[in-house]
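All the letters of the sequence shown, read from the start, carry residue numbers 908 to 1265 under the working numbering. Here's the structure we're looking at; comments come further down.
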Amino acid sequence: MPRHARYSTNMRKALITGITGQDGSYLTEHLLSEGYEVHGIVRRASTFNTDRIDHLYVDPHKQDARLLLHYGDLTDGPALRHVIEQIQPDEIYNLAAQSHVAVSFQQPEYTADVDGVGALRLLEAIRDVQARTGREIRYYQAGTSEMFGAAPPPQSEATPFHPRSPYAAAKVMAYHLVRNYREAYGLYAVTGILFNHESERRGETFVTRKITRAATRIKEGLQDKLYLGNLDAVRDWGHAEDYVRAMHLMLQQDEPRDFVVATGESHTVREFLDATFGLLDLNWQDHVEFDPRYLRPAEVEHLHGDATKAREALNWAPRVGFNELVSRMVNHDLELARQEKTLREAGHTMTARQSGDI
Ligand code: NAP
Ligand code: F7E
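Laid out in structure tokens, this is it:
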């Protein structure tokens, strides 16, 4: 974390909040490949939390370092403002969030502060810095299909929001703030309304990764049971690598506009189980048990996106379909399970939890 980093003058600069998350890591790869200097905000933690971007990290003392990290937190307005003043980025991608829907019922106030008010803190800082420097800072807000909640499918930009969790309500707040700052102050600020997107880097308590981690560990004899909640929920699952391309495209348009990003293909959690365990020649009914702890006080039953606007205006289309998504996650996690087994057989104590969830 350099206190006085050297910033080149003509290279486009992006600032990513949530850079250590699933999407942050893929977006960093994408922007570096597009020639950007990428800055990221990371939270201080007592353990390292940069696993997903460690492969991209270059010692900031080296002349060619184009990935630079800064400490900050979405709950700390002055620190965010300071980083924006210091970097003066061309683009800001606000991906930081308490992003787990079930957890948002347990930590509603914190979720609202980070996911809702956090966006406001960034927008206010952008407004001030932009007014003072006269240089435009474009802003991307990570919106979500959870904002549609109970609205019947298919959901598009025209579908009214009906949030079903504190997480979704906080994201609706951020959506309206973005729209308001666009209308009131002329900011180039947009919300991408992204449907579920997964990957080999997905957090292990989201249902897809929880399933692929458990199924592959079951295959290797490392665990026997997997505890889940509602198997009937329907989701439109894509691959995160595809979705970060859409984020970048949204900030390259002549006019700031919001877009839905989705595959247009939906499956139940049960079908995700079929696909995962099927690839491993296992029968999920022999291993999956119901645990009411994983039910939510209010559920989002059916998400199915209509991304026609993004396909037409951004020329964006997903490259990874459902079967490839599942097989990439399964192959990756099978390798992890095999490594774990080898270490275990060599007498090493492993720390992986049985269910990957609390
Ligand atoms: P993720 O893996 O959970 O990553 C969240 C990121 O936010 C992490 O870098 C996390 O830091 C950071 N963060 C959390 N609280 C913070 C705080 N108070 N201050 C600063 N940083 C904080 O989420 P994701 O799947 O990459 O999603 C990225 C964004 O898109 C999120 O805003 C999410 O709500 C939204 N979204 C996701 C999906 C999806 O299906 N993945 C769909 C629609 C929208 P640590 O690493 O330190 O925890
Ligand atoms: O749940 C059901 C659960 O936690 C999917 C976030 O990235 O996408 C994500 O939110 C479904 C739900 O994702 C378990 O009830 C059953 O119906 O993987 P999930 P999510 O809630 O859709 C949206 C678009 C975001 O914006 C969020 O940030 O699966 N389900 N059993 C379970 N879910 C979990 N996590 N764990 C279970 O044991």
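Beta carbons: idealized from backbone N, C-alpha and C, even for Gly.
By the three-class DSSP mapping on this structure, what secondary structure does L922 have? Of the three classes helix, strand and coil, the one that applies to L922 here is strand, per DSSP.
Assign G928 to one of three DSSP states: helix, strand, or coil. In this structure, G928 counts as coil in the three-state DSSP scheme.
Which whole-angstrom value describes the C-beta separation of T1112 and D971, a residue pair presumed to lie in contact below a C-beta threshold of 8 Å? Incorrect: roughly 37 Å between the Cβ atoms, too far for contact.
Contact check, D1020 vs K1078, beta carbons under 7 Å: Contact annotation: D1020 and K1078 have beta-carbon atoms that are not nearer than 7 Å.
Within the segment 1042-1110, ranges of the alpha helix (DSSP H) (whole runs, at least 4 residues): Here the runs fully enclosed are 1073-1092.
With hydrogens ignored, establish whether the beta-carbon of L1101 is closer than 6 Å to any heavy atom of ligand 1. It does: the Cβ of L1101 is within 6 Å (strictly closer) of some heavy atom of ligand 1.
Under a three-way DSSP split, which group does N1001 fall into? In the structure shown, N1001 sits in a strand (DSSP, three-state: E or B).
Complete alpha helix (DSSP H) runs within the segment 1130-1181 (minimum length 4 residues, chain order): Look at the segment 1130-1181 and you find these whole runs of alpha helix (DSSP H), each 4 residues long or longer: 1147-1157.
Check whether the Cβ atoms of G1050 and L1002 sit closer than 7 Å, and answer yes or no. For G1050 and L1002, no; Cβs fall outside 7 Å.
Can you find the residues in the same chain that come closer than 7 Å, C-beta to C-beta, to P1060, ignoring five residues on each side of it along the sequence? So the list reads H1209, L1210, H1211, once near-sequence residues are dropped.
Can you tell me which of the three DSSP states F1197 falls into? In this structure, F1197 counts as strand in the three-state DSSP scheme.
For E1270, the first and last residue of its enclosing beta strand (DSSP E): One cannot answer for residue 1270 here, as it falls past the ends of the chain, which runs 908 to 1265.
Use the C-beta contact count for F1197: other C-beta atoms within 10 angstroms, 16 or more gives buried, fewer gives exposed. F1197 counts as exposed, since fewer than 16 other C-beta atoms from the protein chains shown sit within 10 angstroms of its C-beta.
Near I1125, which residues of its chain fall below 6 Å by C-beta distance, leaving aside the five closest residues on each side in sequence? Cβ-Cβ distances below 6 Å link I1125 to H1194 in the same chain, with the five nearest sequence neighbours on each side left out; the list follows chain order.
Selected residue, minimal CA-CA separation from E1172, among T935, L1138, Q1005, F1229: For E1172, the nearest C-alpha among the options comes from F1229.
Check whether M1157 and G1099 have beta carbons under 7 Å apart: Yes, Cβ-Cβ distance for M1157 and G1099 is below 7 Å.
Tell me the rounded alpha-carbon separation between E944 and L1186. If you draw a straight line from the Cα of E944 to the Cα of L1186, it is about 40 Å long.
With DSSP as the reference, label G1212 as helix, strand or coil. When secondary structure is reduced to three states using DSSP, G1212 falls in the strand class.
May I have the straight-line CA-CA distance separating A1182 from T1115, to the nearest angstrom? It is roughly 11 Å from the alpha-carbon of A1182 to the alpha-carbon of T1115.
For Y964, does the three-state DSSP call read helix, strand or coil? DSSP places Y964 in coil when its eight states are reduced to three.
If you reduce the DSSP assignment to three classes, tell me which class H1007 lands in. DSSP, reduced to helix, strand and coil, places H1007 outside both helices and strands of the structure shown, so it counts as coil.
Once DSSP output is grouped into helix, strand and coil, what is the label at L938? Reduced to three states, the DSSP call for L938 is helix.
Just to check my reading of the structure: R1071 and A1057 have Cβ atoms closer than 8 Å, yes? What is that Cβ distance to the nearest angstrom? At roughly 6 Å, the Cβ-Cβ gap stays under 8 Å, so R1071 and A1057 are in contact.
So what does DSSP say about L1187, is it helix, strand or coil? Three-state result, L1187: coil.
Just to check, is the beta-carbon of Y1201 closer than 6 Å to a non-hydrogen atom of ligand 2? For ligand 2, at least one heavy atom lies less than 6 Å from the Cβ of Y1201.
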